[in-house]
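To start, the structure itself, in structure tokens.
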Amino acid sequence: MNKLVAGNLVHRPLRSLISCLAIAIEVVMILSITAILMGKLNGFKTRQNGIGMDMFVRPNSTNNFIGMSPAGSSIKVADVLGRIPHVVVSAPVNVQITSSLDSIYGIDFKSFNDLLPFSFLSGGPFQHPFDIILDDYAAEGKKVGDTIQLLNHAFRICGIVEHGKGGRKFMPIETMGQITGTEGKATMFYLRTEDPPKYQEDIRKAILATPGMSTYNVATAEEYLSSISPDRLPGFNIGLRATIGIAAVIGFLVIFQSMYTAVMERTREIGILKSMGASRSYIVGIVLRETGVLAGIGIAVGIAASFLLSAALNARFPTLDFVINVPYVWKSVLIAFTGALLGALYPAMKAASKDPIDALSYE
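First residue of the sequence shown? That's 667 in this note's numbering, and the numbers climb one at a time after it.
What follows is the structure in structure tokens.
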């Protein structure tokens, strides 16, 4: 049977190649979409974890993806929070998201740096209103003293820091307010507390009991980071499943068309096999084994291409957060292989049900 399967695949090399490529594209689609979406999500969580906060305070109008909602709280709230017992640092931040989903942080340098000090690779803090600090990824190919365009304004790079501290670009919060029309406003507040988590529940109660702050969202760092997950982001899983579904349908249809055409072309061969005593299960086995070989090659090519794409994109665009999600590698294998076998099932059954006499007389 193996020789027969190999012979059938080699007999139509272009069709076999197209089938393998279709499966490979299906796998690349699944892994690429998940790499972008999950990479952005996990990269955001990692950078938030590197800020040095113990608690997170924001108005109820702000969603979990900070920067996707307008700054809606007064900066002066930071002073109120700073007077709460056991709060060591209260840092207001005004965040804006660019069209490339890159976050820009408007910060009060002293309080933000007090959460967890910046690790400067070159340069230093802001000296002028239109100074900007970049992390080492955003500063690739640039140096201190260079000028960059951001939010339709020119900024001088005053410092370059190690990545992983919230955003990739930092400017004075006053400048952010002037540029975006949110003067005196903050998106959220990061807190560093005494002896976490010992006093965090007391701090939460004290904040909510403060006049005008009863509707604020107060969370520990662990609570906030755990809320940034696909299940808690509206539409995230729907978009992911829709894309995976489209990829699976593409693979299914290509295999169905390929195997159906192959069965029709080999009608006489099937008639000869059945006249020699080949059972229905033997005929079905040949078609499904051919499909399995095509799917296996296509899956291997798709996985290899996805990792090569990831390496190339991360080398060229280090801020992209394009990271192959290993659990989805196994899911893509299962989806692609199952879809291919389902696509070949009807052609296989049709081949097995052919009457030997009719098959032998087929022209």
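We treat Cβ as the ideally placed atom computed from N, Cα and C, and that holds for glycine.
Close Cβ partners of residue i (< 8 Å) along its chain, the five nearest in sequence each way excluded
i     : result
G1048 : Because the chain here runs from 667 to 1029, residue 1048 falls outside it and cannot be looked at.
M667  : A caution first: M667 carries a pLDDT of 49, below 50, which makes its placement in the model unreliable, though a value can still be read off. Taken in chain order, the residues that qualify are Y948, G951, I952, R955.
I684  : V920, S924
F922  : G1009, A1010, Y1012, P1013
T927  : R681
L906  : I699, T700, L703, P896
Y865  : P751, H752, T859
L960  : L675, S682, S685, C686, I689, I921, S924, A1006
Q793  : C824
Cβ-based neighbour list, residue i, same chain, cut-off 6 Å, excluding 5 preceding and 5 following
i     : result
A820  : T813
S769  : G733, V761, I763, G833
G830  : R713, G716
I916  : E692
M1015 : none
K630  : Nothing in the structure corresponds to residue 630, since the chain is present only between 667 and 1029.
Cβ shell of residue i (< 7 Å), same chain only, five flanking positions each side left out
i    : result
N760 : A737, G772, I839, M842, G843, T848, K851, A852, T853
F918 : G1005, L1008, G1009
A804 : R834, K835, T985
I696 : I910, A913, Y994, S998, I1001
E828 : S785, L787, D801, D802
L747 : V723, V753, S756, F855, L857, I873
I869 : M721, I750, H752, V753, T859
Supposed contact pair residue j and residue i - C-beta distance, whole angstroms, cut 8 Å
i    : j    : result
D802 : L787 : 6 Å
G718 : L781 : 4 Å
V743 : G968 : The pair is not a contact, with the Cβ atoms about 50 Å apart (cut-off 8 Å).
S972 : V989 : That pair is no contact at about 11 Å.
Where residue i falls: helix, strand or coil (DSSP)
i     : result
N883  : strand
V759  : strand
I990  : coil
I894  : coil
G943  : coil
G833  : strand
A1025 : Because A1025 carries a pLDDT of 49, less than 50, the predicted location of this residue cannot be relied on, and no value is offered for it.
9 Å Cβ cutoff, residue i in contact with chain C
i    : result
E860 : The question asks about chain C, but that chain is absent: this structure has only one protein chain.
Residue i CB to nearest heavy atom of the ligand ADP below 8 Å
i    : result
G964 : The model on display carries no ligand, and the ligand ADP is accordingly not part of it.
Report the start-end ranges of each alpha helix (DSSP H) in the segment 835 to 878 that is 4 residues or longer and not cut off at the edges.
839 to 846, 866 to 875
Ranges of the beta strand (DSSP E) found wholly within the segment 769 to 823, counting only runs of at least 3:
769 to 773, 786 to 789, 797 to 801, 813 to 816
Could you tell me which whole alpha helix (DSSP H) segments of length 4 or greater appear in the segment 689 to 752?
743 to 748
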